[in-house]
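The block underneath contains the structure these notes are about, expressed in structure tokens.
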Amino acid sequence: MFAISISTVLAAFIGYALAESHVVTMTNNCGSGNPVFLDESDSSFQGPKTVQRQLLGGIAWLDGFKGANCQSSGVNCGAVEFTLRNDAPNQNAADFTLEAQPVNGNHQFTYPMSFRYTGGGTCNGVSDNCPSLGKCPNAFTDPTNGKPLQCVGEDAGIHITFC
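Read left to right, the sequence shown gives residues -19 to -1, 1 to 144 (mature numbering (1 follows the signal peptide of the UniProt record, and there is no 0)).
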């Protein structure tokens, strides 16, 4: 009986040690709209939060931005896409999407955007900025030409700023 108790405690400790935690924070300096995101595991609009799992295929935009018809997944507006994960090789990635083709979401430059990794060891502080359409060289303007900003680190978070 005593061995079962130790096994149970050990299993719980290992499970806790392997748990993922990714903090997503967002700032809106644009004067209208609400910063939201969704991801492959949760298609409901979410505000800033801590996610206790892999965050795959995340996309953030300003919902209700005045003067634009921003729809789910940032359709018709600019968006930040991101993946945060702890499993090997602990690859985290984020980029801007400005893919204006309707088949790719009709993402348009609508407002300045930036992101910065938080936590995650060597990821901490790594950032990219998209202040205007002409000054967003790493953005995806079609599915093949962008450059995601990648880093390796466990429990990386992301802070996204609009305007």
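The beta carbon of each residue, even a glycine, is placed where N, CA and C say it ideally should be.
Which value, in whole angstroms, describes the spacing of the CA atoms of residue i and residue j?
{"i": "SER113", "j": "PHE90", "result": "7 Å"}
{"i": "ASN50", "j": "LEU65", "result": "28 Å"}
{"i": "CYS117", "j": "GLY86", "result": "18 Å"}
{"i": "GLY14", "j": "GLY39", "result": "19 Å"}
{"i": "GLY134", "j": "THR103", "result": "6 Å"}
{"i": "THR6", "j": "GLY28", "result": "8 Å"}
{"i": "ASP123", "j": "ALA41", "result": "18 Å"}
{"i": "VAL61", "j": "THR8", "result": "13 Å"}
{"i": "LEU19", "j": "SER95", "result": "18 Å"}
{"i": "SER24", "j": "LEU36", "result": "12 Å"}
{"i": "CYS132", "j": "GLY45", "result": "31 Å"}
{"i": "LYS128", "j": "PHE77", "result": "9 Å"}
{"i": "ALA69", "j": "GLY48", "result": "42 Å"}
{"i": "TYR98", "j": "GLY138", "result": "6 Å"}
{"i": "HIS140", "j": "PHE26", "result": "17 Å"}
{"i": "VAL4", "j": "THR31", "result": "4 Å"}
{"i": "ILE56", "j": "ASN119", "result": "According to the sequence as given, residue 56 is Val; it is not Ile. Each residue's Cα considered, the two are about 19 Å apart."}
Between residue i and residue j, how many whole angstroms is the CB-CB distance? I'm expecting something under 8 Å.
{"i": "GLY106", "j": "ASP136", "result": "Contact flag wrong, Cβ pair sits at about 15 Å."}
{"i": "residue 146", "j": "ALA74", "result": "Any property of residue 146 remains undetermined from this structure, which presents the chain solely from -19 to 144."}
{"i": "LEU43", "j": "PRO83", "result": "The pair is not a contact, with the Cβ atoms about 20 Å apart (cut-off 8 Å)."}
{"i": "HIS88", "j": "CYS111", "result": "Between CYS111 and HIS88 the Cβ distance is about 12 Å, and since that is not below 8 Å, they are no contact."}
Tell me whether residue i sits in a helix, a strand or coil according to DSSP, three-state version.
{"i": "THR103", "result": "helix"}
{"i": "PRO83", "result": "helix"}
{"i": "GLY115", "result": "helix"}
{"i": "GLN33", "result": "coil"}
{"i": "HIS88", "result": "coil"}
{"i": "ASP23", "result": "strand"}
{"i": "PRO129", "result": "coil"}
{"i": "ASP123", "result": "coil"}
{"i": "GLY138", "result": "strand"}
{"i": "PRO16", "result": "strand"}
{"i": "ASN10", "result": "coil"}
In chain order, which beta strand (DSSP E) runs of at least 3 residues are fully inside the region 36 to 75? Entirely contained in the region 36 to 75, the beta strand (DSSP E) runs reaching 3 residues are, in chain order, 36 to 44 and 60 to 65.
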